[in-house]
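Novice: In the numbering used here, the protein residues as written are -19 to 158. Note that CB positions come from ideal geometry on N, CA and C, so glycine has one too. Structure in structure tokens, see below.
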């Protein structure tokens, strides 16, 4: 019985952490949507760069798989006393993948205009980019883009390539105006 009690305690701690994590993700996404809506009022012609599709689709599929397993766990080769724990675990996995959908929508998309881009919950000017700091790790494709005010955003290689391309276009148009 004490083993089962311990399992439920661990599950309770994990559920509490998951609730905190999902709440944080919803807050980030809400700030993103609110700021984006305001920004787009004056930048309706902004060009969207969307690197979220694969993440959204794969996370959505994994959430569905988690829900299907949670609903059918009793038909699998699981100790009957543990069905509740497994069901909660798979529901938690599904909820985490659902929160990853919202996280991807807030952190894997950018909107570009001639002099900068909107990312997360604010607008960044190309002229304010100070440096790029690679994030370590074997095969890491992410980096921190650091701005003159020392604010940094984490982006992937595709996003950085797009920013580099748009920055070059901005510099060329600035040079042509002179």
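Considering only C-alpha positions, which residue in the set 77, 27, 20 is nearest to residue 47?
Specialist: In the chain shown, residue 47 corresponds to position 67, counting from 1. Ranking 77, 27, 20 by Cα distance to residue 47 puts 77 first.
Novice: In the structure shown, what three-state DSSP assignment does residue 52 receive?
Specialist: Position 72 of the chain shown, counted from the start, is the residue given in the question as residue 52. Correct three-state label for residue 52: helix.
Novice: What residue does the alpha helix (DSSP H) around residue 58 start on, and which one ends it?
Specialist: Translated into the one-based positions of the chain shown, residue 58 becomes position 78. Where residue 58 is concerned, there is no enclosing alpha helix (DSSP H), given that its DSSP letter is neither H nor E.
Novice: Among 115, 61, 130, 146, which one has its Cα closest to the Cα of residue 91?
Specialist: Translated into the one-based positions of the chain shown, residue 91 becomes position 111. Closest option to residue 91, Cα to Cα, is 146.
Novice: Alpha carbon to alpha carbon, how far is residue 88 from residue 6? Give it in angstroms, no decimals.
Specialist: Along the chain shown, read from residue 1 onward, the residue named residue 6 stands at position 26. Along the chain shown, read from residue 1 onward, the residue named residue 88 stands at position 108. Approximately 15 Å between the Cα atoms of the pair.
Novice: For a quick check, are the C-beta atoms of residue 86 and residue 8 less than 8 Å apart?
Specialist: Numbered from 1 along the chain shown, position 106 holds the residue referred to as residue 86. Numbered from 1 along the chain shown, position 28 holds the residue referred to as residue 8. Yes. Within cutoff.
Novice: Contact defined as beta carbons within less than 8 Å: I believe residue 110 pairs with residue 97. What is the distance between those atoms, to the nearest angstrom?
Specialist: Counting from 1 along the chain shown, the entry for residue 110 is found at position 130. Counting from 1 along the chain shown, the entry for residue 97 is found at position 117. Incorrect: roughly 15 Å between the Cβ atoms, too far for contact.
Novice: Measuring only the C-alpha atoms, how far is residue 155 from residue 106?
Specialist: Along the chain shown, read from residue 1 onward, the residue named residue 155 stands at position 175. Along the chain shown, read from residue 1 onward, the residue named residue 106 stands at position 126. Computed Cα separation, rounded: 14 Å.
Novice: Go to residue 132, then tell me how far its alpha helix (DSSP H) extends in each direction, as first and last residue.
Specialist: Here residue 132 corresponds to residue number 152 of the chain shown, with the count starting at 1. Element bounds for residue 132: not the alpha helix (DSSP H) but the beta strand (DSSP E), 132 to 136.
Novice: Secondary structure at residue -19, three-state DSSP: helix, strand or coil?
Specialist: Along the chain shown, read from residue 1 onward, the residue named residue -19 stands at position 1. Note on residue -19: pLDDT 45, under 50, position unreliable in the model; no value is reported.
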